[in-house]
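Undergrad:
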Amino acid sequence: MKIGVLLKQVPASDARIKIADPSTGIDTADIKWEINPYDEYALEAALQLKDAKQASSVVVLTVGGADADQRIRDALARGADAAVRLDDPAFEGSDCLGIARILAAAAKAEGVELLLAGKQAIDGDNAQVPGMVAELLGWGNISVVDKLEFADGTVKAWRASGGGARDVVEASLPLVITCDKGLNEPRYASLKGIMMAKRKKIAVKGAADLGLDPSTVGAAAALVVEDNWSLPPERPAGRILEGDDATRVKELVRLLRDEAKVI
Amino acid sequence: MGNGILVVAEHEGGTIKKTAYELLTKAGELAASIGGKVSALLIGADDPGDLGAYGAGTVYTVTGDAFTHYTTTATVAALQAAIEAADPAVVLAPASPQAKDAFPRLAARLGAGLGTEVTGLEARDGRVVARRPQYAGKAFTDVHIKGDLALFTVRPNSFAVGEATGGSAEVVALSVDVGEPKVKVVDTEAPSGDTVDLTEADRIVSGGRAVKSKENFDKYIRPLAASIGATVGASRAAVDAGYAPHSEQVGQTGKVVNPSLYIAVGISGAIQHLAGMRTSKIIVAINKDPEAPIFQHSTYGIVGDLFDICPLLTEEFQALG
Chain D
240 MKIGVLLKQV
250 PASDARIKIA
260 DPSTGIDTAD
270 IKWEINPYDE
280 YALEAALQLK
290 DAKQASSVVV
300 LTVGGADADQ
310 RIRDALARGA
320 DAAVRLDDPA
330 FEGSDCLGIA
340 RILAAAAKAE
350 GVELLLAGKQ
360 AIDGDNAQVP
370 GMVAELLGWG
380 NISVVDKLEF
390 ADGTVKAWRA
400 SGGGARDVVE
410 ASLPLVITCD
420 KGLNEPRYAS
430 LKGIMMAKRK
440 KIAVKGAADL
450 GLDPSTVGAA
460 AALVVEDNWS
470 LPPERPAGRI
480 LEGDDATRVK
490 ELVRLLRDEA
500 KVI
Chain Z
28 MGNGILVVAE
38 HEGGTIKKTA
48 YELLTKAGEL
58 AASIGGKVSA
68 LLIGADDPGD
78 LGAYGAGTVY
88 TVTGDAFTHY
98 TTTATVAALQ
108 AAIEAADPAV
118 VLAPASPQAK
128 DAFPRLAARL
138 GAGLGTEVTG
148 LEARDGRVVA
158 RRPQYAGKAF
168 TDVHIKGDLA
178 LFTVRPNSFA
188 VGEATGGSAE
198 VVALSVDVGE
208 PKVKVVDTEA
218 PSGDTVDLTE
228 ADRIVSGGRA
238 VKSKENFDKY
248 IRPLAASIGA
258 TVGASRAAVD
268 AGYAPHSEQV
278 GQTGKVVNPS
288 LYIAVGISGA
298 IQHLAGMRTS
308 KIIVAINKDP
318 EAPIFQHSTY
328 GIVGDLFDIC
338 PLLTEEFQAL
348 G
């Protein structure tokens, strides 16, 4: 079984976001990029299946420019066998469905049977692409998984169903699974891994390589358009309560009840 | 091209959830501008309750063995059937784990645009435009959907519930051929507590690193939350230190929450935590460090020792009865 891992680079979770232009998006000048944290759980799950000899190889699939290569190299250093970066001027401005079409075509071309992805990317927070890829491929999908067992081509997974409850589900390959925190502890790259990753090649593929009709992706095909970027409204400065503990606690309860009316 | 708005009304064992009323209220406002009727979809239940009173002219119901427990296959099929029947311009669903799972598949199947986790909706030039957070709320954008059908999942607590002034709804039972689900539910695990999910909670009490241990978390944070029926949350630092499970983490790499009241106990206010809770209506911070960034974002702050403040506050809350 060959596993594909959908990997995206995102601004680090501690990044301060500034708006470059309200019509186009954020200022990326000072942004430190990292692998989307949820994709790290997906990658780790794939590598563990390979370590357990249940997967033959792990290929990383990323839509993006050469600036993503450093993150892809990190994934290769941790143990992924190969990587395909999907890059074509025709892909520019794709919405989630466009991205999903690119990744579905790549998954097919790579012959993977299991796709693992993060439950969402912490930039757009859309949580759309993996489910769309599954639909386009006609595969089953399991979302927001924090426990996974795999035996004889059957997957058993624990997925969040709200309020801390979980559904235990079973399915056969091929499948798309999205991963949540708690699934595993992502490994770091070893020195040997880093050395070996230098010899691994990142394949770059475009629409023609994937047999993808360029009119189905990119800005012209996008159904979802985002604009009017802004920072969240600043909250007015809060009130620090004065007095001894008992006084302040009583005053807080009074404010919550009479002023804020939330209790 | 369709018109009107279809609302996905979620329920818990037949009891309709608050999100359904929030969405129907907003749908009524939007439909007044963009035209068309408001309808609702109930999956796995056939009692429309008071959905009509909150503005649903028609309630589509889908019942049967395939719908007693959520599966992606069945829900997407039900949504598809309801959209065919209602022919809406806009579909609104709560951003619940189920809708978040089903809607991307639905969007890809129908070739429709989808905006997820939106927090604002307005009618502009006869179309519905959404507002949604990006980067866990560090930025916001408008979302425009091209084409004949716009799909949105809406974060709970984004809209107020209006008055129940409407009539009764016409109930239309849809028959949906599901086929064999690709993913089968073999078991369910109940949540550890009996409180609502963080993402839907109206009140949250969260503990941070300063709580210092799992024992303290159970001794100070959980009783405080219980005293006002709040859901328990935790900062990443508290989760990473093992004081609370991952499912309780609030922040950019945890749950993004939107309650009326958020009480942050012993949480300094790291940027990734703030991103997950900054849209809370009222924020209370309890922290020993007067310089903690959380105080710049809180409505009310107490600079003090959480181990002294929490028991007092729990007692006062309990006294409210």
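Line order of the protein sequences matches chains D and Z.
Our numbering puts the first residue of the first sequence at 240, with every later residue one more than the last.
Our numbering puts the first residue of the second sequence at 28, with every later residue one more than the last.
A virtual CB, placed ideally from N, CA and C, is assigned to each residue, including glycine.
Express the C-alpha separation of Z/CYS337 and D/ASP483 in angstroms, rounding to a whole number.
TA: Going from the Cα of D/ASP483 to the Cα of Z/CYS337 covers about 14 Å.
Undergrad: Buried or exposed for Z/PRO160, going by 16 or more other Cβ atoms inside 10 Å?
TA: Answer is buried; the Cβ neighbour count reaches 16.
Undergrad: Nearest to Z/ALA139 by CA position, among Z/PRO317, Z/GLU207 and Z/ALA177, is which residue?
TA: Checking every option, the nearest Cα to that of Z/ALA139 belongs to Z/ALA177.
Undergrad: Look at the alpha carbon of Z/VAL199 and the alpha carbon of Z/LEU50, and state the distance between them as a whole number of angstroms.
TA: Distance between the alpha carbons of Z/VAL199 and Z/LEU50 is about 20 Å.
Undergrad: With three or more C-beta pairs closer than 8 Å as the rule, is the stretch 268-285 of chain D touching the stretch 329-347 of chain D?
TA: No, they do not touch.
Undergrad: Just curious, the beta strand (DSSP E) that Z/PHE167 is in, first and last residue?
TA: Taken as a continuous stretch (DSSP letters only), the beta strand (DSSP E) holding Z/PHE167 covers 166-172.
Undergrad: Tell me, to the nearest whole angstrom, how far the beta carbon of Z/ALA80 is from that of Z/ALA36; I am working on the premise that it is less than 8 Å.
TA: Going by Cβ atoms, the distance from Z/ALA80 to Z/ALA36 rounds to 13 Å, so no, they are not a contact pair.
Undergrad: Using a C-beta to C-beta distance shorter than 9 Å, which residues of chain D count as neighbours of Z/PHE244?
TA: Result: empty, since nearest Cβ-Cβ is about 15 Å, beyond 9 Å.
Undergrad: Name the chain Z residues whose beta carbon is nearer than 9 Å to that of D/ASN423?
TA: The premise fails here: D/ASN423 is roughly 11 Å from chain Z at the closest Cβ pair, so nothing lies under 9 Å.
Undergrad: Can you pull the chain Z residues whose beta carbon is under 7 Å from the beta carbon of D/GLY303, in chain order?
TA: Per Cβ cutoff of 7 Å: no residues; D/GLY303 is ~17 Å from chain Z at best.
Undergrad: Is the beta carbon of Z/TYR349 less than 7 Å from the beta carbon of Z/ILE231?
TA: With chain Z covering only 28 through 348, there is no way to say anything about residue 349 of chain Z.
Undergrad: Would you mind telling me which residues of chain D sit closer than 8 Å to Z/GLY331, beta carbon to beta carbon, in chain order?
TA: Correct list: ASP484 and ARG487.
Undergrad: Answer yes or no: does any C-beta atom of chain Z fall closer than 7 Å to that of D/ALA399?
TA: True, the Cβ-Cβ gap to chain Z drops below 7 Å.
Undergrad: Based on DSSP bridge pairs, tell me the residues matched to D/ALA390.
TA: DSSP lists D/THR393 as partners of D/ALA390.
Undergrad: Tell me the residue span of the alpha helix (DSSP H) that contains Z/ILE61.
TA: First-last of the alpha helix (DSSP H) with Z/ILE61: 45-61.
Undergrad: D/GLY377 to D/LYS489, Cα distance in whole Å?
TA: Roughly 59 Å separates the two Cα atoms.
Undergrad: Run through DSSP, which three-state label would Z/LYS241 get?
TA: Z/LYS241: helix per DSSP, three-state reduction.
Undergrad: Below 9 Å between beta carbons is the criterion; list the residues of the stretch 302-326 of chain D that meet it against any residue of chain Z, in chain order.
TA: Answer in chain order: no residues at all.
Undergrad: State the CB to CB distance for the pair D/VAL384 and D/ASP419, rounded to an integer number of angstroms; the pair is presumed to be in contact (CB under 8 Å).
TA: D/VAL384 to D/ASP419, Cβ: 6 Å. Contact.
Undergrad: What does the alpha-carbon distance come out to for the pair D/ILE274 and D/GLY457?
TA: Approximately 23 Å, taken between the alpha carbons.
Undergrad: Taking only three categories from DSSP, how would you classify D/ASP320?
TA: Note: D/ASP320 maps to coil in three-state DSSP.
Undergrad: If we ignore side chains and look at the alpha-carbon of each, how far apart do Z/PRO349 and Z/ALA253 end up?
TA: This structure cannot settle anything about residue 349 of chain Z, because the visible part of chain Z is limited to 28 through 348.
Undergrad: For Z/GLY296, which of Z/SER287, Z/PRO286 and Z/ILE310 has the nearest alpha-carbon?
TA: It is Z/ILE310 whose Cα lies nearest to the Cα of Z/GLY296.
Undergrad: Leaving out five residues before and five after Z/GLN276 in sequence, what residues of the same chain have Cβ atoms less than 7 Å from its Cβ?
TA: Within the same chain, Z/GLN276 has close Cβ partners ALA261, ARG263, VAL266 and LYS282.
Undergrad: Using only CA atoms, which one of D/ASP391, D/ILE258, D/LEU288 and D/VAL298 lies nearest to D/VAL443?
TA: Checked all of D/ASP391, D/ILE258, D/LEU288 and D/VAL298; the closest Cα to D/VAL443 is D/VAL298.
Undergrad: Is the Cβ of Z/LYS171 closer than 7 Å to any Cβ of chain D?
TA: Checking the displayed sequence, the identity of residue 171 of chain Z turns out to be His instead of Lys. Chain D contact via Cβ: present.
Undergrad: In angstroms, rounded to a whole number, what distance separates the CA positions of D/ALA285 and D/ALA436?
TA: If you take the alpha carbons of D/ALA285 and D/ALA436, they lie about 17 Å apart.
Undergrad: Distance cutoff 7 Å, beta carbons only. Does D/MET371 sit that close to anything in chain Z?
TA: Yes, because at least one Cβ of chain Z sits closer than 7 Å to the Cβ of D/MET371.
Undergrad: Starting from the beta carbon of Z/ILE298, find every residue of chain D whose beta carbon is closer than 7 Å, and list them in chain order.
TA: Within chain D, the residues near Z/ILE298 are ASP253 and ARG255.
Undergrad: Within 10 Å of its beta-carbon, does D/GLU498 have 16 or more other beta-carbons around it, so buried, or fewer, so exposed?
TA: Result: exposed.
Undergrad: Is there a Cβ of chain Z sitting closer than 7 Å to that of D/VAL407, yes or no?
TA: Output row for D/VAL407: interface = yes.
Undergrad: Which bits of chain D does Z/VAL292 rub up against, with CB to CB less than 9 Å?
TA: None at all; the shortest Cβ gap to chain D is about 12 Å.
Undergrad: Identify, in the order they occur along the chain, each residue of the same chain with its Cβ nearer than 8 Å to the Cβ of Z/GLY142, setting aside the five sequence neighbours on each side.
TA: Only ALA157, ARG159, VAL170, ILE172, ALA177, LEU178, PHE179 and THR180 meet the Cβ criterion.
Undergrad: Which residues does DSSP pair with D/TYR277 in a beta bridge?
TA: DSSP lists no partner for D/TYR277.
Undergrad: Can you tell which of D/PHE389, D/ASP448, D/LEU449 and D/LEU495 has the C-alpha that lies nearest to the C-alpha of D/SER411?
TA: For the residues D/PHE389, D/ASP448, D/LEU449 and D/LEU495, the minimum Cα distance to D/SER411 belongs to D/PHE389.
Undergrad: Under 8 Å between beta-carbons, which chain D residues line up against Z/ALA324? List them in chain order, please.
TA: Here the sequence assigns His to residue 324 of chain Z, which means Ala is not the residue at that position. Ordered by position in chain D, the residues that pass the 8 Å Cβ test against Z/HIS324 are ARG474 and GLY477.
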